[in-house]
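Enquirer: In this text, residue positions in the sequence shown follow my numbering: the first is 381, and each later residue adds one.
Below you'll find the structure I mean.
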Amino acid sequence: MKPLIVANWKMNPLSLKEAKALFEAVRKGVKSVKNADIVVCPPSVYLPLFKGLVLGAQNCSWEEEGAYTGEISPLMLRDIKVDYVVIGHSERRKYFRETDQEVNKKIRKAIDVGLRVVLCVGETAEERTQGKKSQVLKSQLENGLDKVTKEGMKSVIVAYEPIWAIGTGNNCSTDETMSSVLSIRQMLTNLYNRDLADKTKVLYGGSVNGGNSGSYIKESGANGLLVGGASLKADEFIKIAKSAG
Ligand code: PGA
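Written out as structure tokens, the structure reads:
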């Protein structure tokens, strides 16, 4: 499977000038990368201004249109040629109290309108030490993918993002990542079937950098990476993209 490298800029950078400079540097730098797909997810305000790379949003509404102040319709994203949307990122779950049910509504709507979805799942440090990782991943997948059909799953990518590894520099070992990727595939097999589980991309995210990215691609069984902090430095992100493709 061709690796997928997704840049999640989160709420950065703060000026359009910096955002444009970062985007242009990345666009030029990843031109030579042929064996990996690259997606950049800037803050939504920048999305219509960028051309030349596949784009993703960091969130979207589960509604299509109407009186929903502050929301962005997935149809608006499609209209400006956005192809991907990240849904259920742990920061949205934590700071904006997004539930699995809301995540599910967003996923179904996004698929309906033709977006590809990156569904984020992952356990907290506490859940990990209490041995609850599998239980957490299972309920996030079961609830997040409720009523998502086999056909719909063709548009879904799962990102395993252990919360304790995000933005901490404490990246998950390739062995532990491999075991989580395997259990996610087993869960997808139980929810759908083996063939579908094998065809679904499972990414790793959490303190990925230019030094560790290659080992995830080669050794962890992950089909790509979701990159936060390191995607804000063009050179670092280009290095990550090159390590994958
Ligand atoms: P990080 O973030 O690479 O800064 O750890 C990853 C993410 O939140 O997607």
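Cβ atoms here follow ideal geometry from the backbone N, Cα and C, with glycine treated the same way.
Keep in mind the model is a prediction, meaning the values are calculated, not measured.
Following the continuous alpha helix (DSSP H) through A624, name the residue where it begins and the one where it ends.
Expert: Note, A624: alpha helix (DSSP H), A614 to A624.
Enquirer: Buried or exposed for F628, going by 16 or more other Cβ atoms inside 10 Å?
Expert: Because the chain spans 381 through 625 in this model, residue 628 falls outside it and cannot be assessed.
Enquirer: Would a C-beta distance cut-off of 9 Å place A437 and V462 closer than the cut-off?
Expert: Result yes, Cβ atoms of A437 and V462 sit closer than 9 Å.
Enquirer: Let me know if V497 comes out buried or exposed under the rule of 16 or more other beta-carbons within 10 Å of its beta-carbon.
Expert: Looking at its Cβ environment, which holds 16 or more other Cβ atoms inside 10 Å, V497 is buried.
Enquirer: From I618 to K400, what does the alpha carbon distance come to, in whole angstroms?
Expert: The straight-line gap from Cα to Cα measures roughly 16 Å.
Enquirer: Just to confirm my understanding: we take K485, look at its own chain, exclude 5 residues before and 5 after, and list those with CB closer than 6 Å. What are they?
Expert: Taken in chain order, the residues that qualify are W442.
Enquirer: For L402, which of N388, E451 and K414 has the nearest alpha-carbon?
Expert: The candidate whose alpha carbon is nearest that of L402 is N388.
Enquirer: Put R407 into one of helix, strand or coil per three-state DSSP.
Expert: If DSSP states are grouped into helix, strand and coil, R407 belongs with the helices.
Enquirer: Rounded to the nearest angstrom, how far is the Cβ of K581 from that of N603, given a contact under 8 Å?
Expert: Confirmed, Cβ separation roughly 4 Å.
Enquirer: Is R477 helix, strand or coil by DSSP?
Expert: It is coil, neither helix nor strand.
Enquirer: Within 10 Å of its beta-carbon, does V353 have 16 or more other beta-carbons around it, so buried, or fewer, so exposed?
Expert: Past the edges of the chain, shown from 381 to 625, lies residue 353, and the structure says nothing about it.
Enquirer: Assuming L605 and A624 make a contact with CB atoms under 8 Å, what is their CB distance in whole Å?
Expert: The pair is a contact, with the Cβ atoms about 7 Å apart (cut-off 8 Å).
Enquirer: Runs of 3 residues minimum, wholly inside the stretch 484–528: which ones carry the beta strand (DSSP E) assignment?
Expert: With a minimum length of 3 residues, the continuous beta strand (DSSP E) runs that stay inside the stretch 484–528 are 496–501.
Enquirer: Take H469 and list the residues in its own chain whose beta-carbon comes closer than 8 Å to its own, dropping the five residues that flank it on each side.
Expert: These residues qualify, in order along the chain: N388, Q438, N439, C500 and E541.
Enquirer: Which residue from V588, L517 and R574 puts its Cα closest to that of I546?
Expert: For I546, the nearest C-alpha among the options comes from V588.
Enquirer: Buried or exposed: which applies to G432, given that a residue is buried once 16 or more other Cβ atoms fall within 10 Å of its Cβ?
Expert: Exposed, since its Cβ has fewer than 16 Cβ neighbours within 10 Å.
Enquirer: Pull up the DSSP beta-bridge partners for I539, would you.
Expert: Before going further, note that residue 539 is Ala rather than Ile in the sequence given. Partner(s): C500 and L583.
Enquirer: DSSP puts Y596 in a beta bridge; with which residues?
Expert: None; Y596 has no bridge partner.
Enquirer: Kindly list the residues whose CB is nearer than 7 Å to the CB of T548, restricted to its own chain and excluding five residues on each side of it in sequence; keep chain order.
Expert: For T548, where only same-chain residues beyond five positions count, the Cβ hits under 7 Å are S587.
Enquirer: Compare the beta carbon distance of A539 and V406 with 9 Å and say whether it is the shorter of the two.
Expert: No, the Cβ-Cβ distance between A539 and V406 is not below 9 Å.
Enquirer: Grab me the residues of P454's own chain with a C-beta within less than 6 Å of its C-beta, minus the 5 sequence neighbours each way, in chain order.
Expert: These residues qualify, in order along the chain: C440, K489, A490, V493 and L495.
Enquirer: From what residue to what residue does the beta strand (DSSP E) around D463 run?
Expert: No beta strand (DSSP E) holds D463; DSSP gives it neither H nor E.
Enquirer: T449 to M456, Cα distance in whole Å?
Expert: Taking the straight line joining both Cα atoms gives about 14 Å.
Enquirer: Need the endpoints of the beta strand (DSSP E) that G436 sits in, please.
Expert: Per DSSP, G436 belongs to the beta strand (DSSP E) from V434 to A437.
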